[in-house]
Structure formats: C-alpha cells, structure tokens
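Residue 16 is where the sequence shown starts when you use the numbering used here, and the numbers rise one by one after that. A short write-up of the structure that comes next.
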Amino acid sequence: MDDQEADESISTDAPSSELLDDCEEQFAQLERLQDEIILCETDLSEGPQEQMLKLCSELEMIAACCEAKRSNLMETHERVLMDTKNKIQKMKDYQDKLMETLGDVLEKHFPPPGQANASKRMKTPHDPYVTLDERFWPPYVEMLLRYSIAARHPENNKKIRLETF
C-alpha cells in the first residue's frame, strides 16, 4: 500500500467517525427531549400544551436530522466499500501478473528436464549419468550439485546424475 492509498484510507475513516459521533449526539438530545415530555405535567392548560407542541417540533427536527446523517453515513460506507473492493481487485491483478512473470523466469532459467533425459534413463538404467551441454544452465547445475540433488561422475566432470532422496 503506498502513501496515497494510506491517505485515502485515513480520509474515508474520518467522515465515518465524525458522522457516528454526530448521530450519537443527536440520539442523546432525542433522549433528553423524550425525558422532558415524560416529566411534563398532564395539565391541559395552554402553557404545557404549547410546550408539548414545541417539543414535538424539536423531536421531528431531530428525527429528520438523524435520517439525513444516517443517509450520508450509508453513502460514505458504500464508497469506502467500493474503494476497498477496487484495491483488492488491483492486488489480485498484480499478484496474477507477478505469478505469470515468475513462471516466465522459471521457464527461461530453469527449464524442465527434456524428454530425451527421461528416455535415456529408461534405455540405459546401468548408466544414469547425463552429459552436460549447452541445454543445461550452469547456475542450475551448480545448485543441484551444491544441495546434493545431483552428483558428478567420478571420472568425467561433464557428466552428472540425480541422487536418490
């Protein structure tokens, strides 16, 4: 992940956090107003009735505000989700490209043993050695020898055989 992607990640988390804080604040205010309604006297005189209408108006305003914030939060969430999906797809594409490149490198520098080598072993099981020529990449041969996967012929350094393991 580069610096730009990290900045985008941080910038998408900040609005979500801010919206959640605002929603919590609005819900706390809603609870306070509900408590006030419950505590109001049930007297039918004009004073409490006007107070009840005012409280209802405030509650409707808070509910509308909460709904708008919720909608905004959902849009932000969807955008963050889409950004994340896009980043995952880019990483998958990059991995596929790397695997293809690795396959090309392995095919070029570490070719599989030829059919001739396998058929030689079947034709002459008493002589398991293969004569080294330009078909065998020298670093590949050295690696096989270094890790005791192959052994040189005791009399001819141009021949090797695979070890049993």
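Don't be surprised by glycine CBs; every beta carbon is placed ideally from N, CA and C.
Taking Y155 as the centre and dropping the five residues before and after it, the same chain places the C-beta of F125 closer than 6 Å to its C-beta, in chain order. Within the segment 78-153, the complete alpha helix (DSSP H) segments at least 4 residues long are 130-138, listed from N- to C-terminus. If you check the CB distance, L88 and L45 do not come in under 7 Å. In this structure, C71 keeps its C-beta atom at 7 Å or more from the C-beta atom of Q41. With a contact defined as Cβ atoms closer than 8 Å, I164 and V145 miss out at about 13 Å.
In the DSSP assignment, K174 falls within the unbroken beta strand (DSSP E) covering 174-177. Counting only residues of its own chain and dropping the five nearest sequence neighbours on each side, C38 has a CB closer than 6 Å to the CB of K84. The alpha-carbon of N172 is positioned some 37 Å away from that of L113. P169 has its alpha-carbon roughly 21 Å from the corresponding atom of W152. Ranking S31, A166, L160, R167 by CA distance to the CA of V95 puts S31 first.
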